[in-house]
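Notes to accompany the following structure.
What follows is the structure, given as structure tokens:
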């Protein structure tokens, strides 16, 4: 697992330059109706795009270690190790998702094992597809997984009957307060868990005192 660390480092720096904390909006026509779809790329999404579930130091540690060429495989945990290398390889096609001549939108269902990619944006060449999901904190659409449909066929059903070519792509910086919202929410959750643990500990101490 993670034998392509050099590629991973390169992709991390490309992600930082082109995608990190940016909002990408696609404009296209579907059955003659103008539509647009926006995907928010946060720094924290990079680890999941690589197929890594956990890292000692969290997503921030993973991202920083990749950018600084110091990733330690002993810190990496993934539920499906055999998919890590294909996902890292698929990252090669990620920049193409910013070039309208290479990209299109599909609202067909693409199911890879237990993951439903649903509506996805993908390139013409090599069929690199990016599935999205609603972020639980910001409620924005964020990257779920990047796959190469020509390579990752194991357990996959795909349909491409409804294909909409993208007319234009717009990239904007995400507002700083939106970027910080996730960490603020995480901090609030940690504080709530700490308070709950403290309350539980106090109750346990009272019960022991009563028994004495």
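In the numbering used here, the protein residues as written are 229 to 440. Using N, Cα and C, we set each Cβ at its ideal position, and we do this for glycine too.
query: Look up residue 425 in the DSSP assignment and say whether it is helix, strand or coil.; result: helix
query: Applying the 10 Å Cβ sphere with the 16-neighbour rule, what's the burial state of residue 338?; result: Since pLDDT at residue 338 reaches only 39, below the 50 mark, its modelled position is unreliable, and the value read off the structure follows with that caveat. When all chains shown are included, residue 338 counts as buried.
query: With a 10 Å radius around its C-beta and 16 neighbouring C-beta atoms as the bar for buried, classify residue 400 as buried or exposed.; result: exposed
query: At what residues does the alpha helix (DSSP H) containing residue 267 begin and finish?; result: Premise fails: residue 267 lies in the beta strand (DSSP E), 261-269, not in any alpha helix (DSSP H).
query: Going by alpha carbons, who is nearest to residue 241 out of 423, 252, 250, 296?; result: 296
query: Assign residue 427 to buried or exposed, taking buried as 16 or more other Cβ atoms, counted over all protein chains shown, within 10 Å of its Cβ.; result: exposed
query: If you drop the 5 nearest sequence neighbours on each side, which residues of the same chain put their C-beta closer than 6 Å to that of residue 372?; result: 359, 360, 361
query: Evaluate residue 345 with the Cβ neighbour count: other Cβ atoms within 10 Å of its Cβ, from every protein chain shown; 16 or more gives buried, anything less gives exposed.; result: Caution is warranted here: a pLDDT of 46 is assigned to residue 345, below 50, making its placement in the model unreliable, and the coordinate value is therefore given only provisionally. Under this definition residue 345 is a buried residue.
query: My understanding is that residue 271 touches residue 257, with C-beta atoms under 8 Å, so please give their C-beta distance in whole angstroms.; result: At roughly 32 Å, the Cβ-Cβ gap does not stay under 8 Å, so residue 271 and residue 257 are not in contact.
query: Have a look at residue 396 and residue 306 and give me their C-alpha separation to the nearest angstrom.; result: 36 Å
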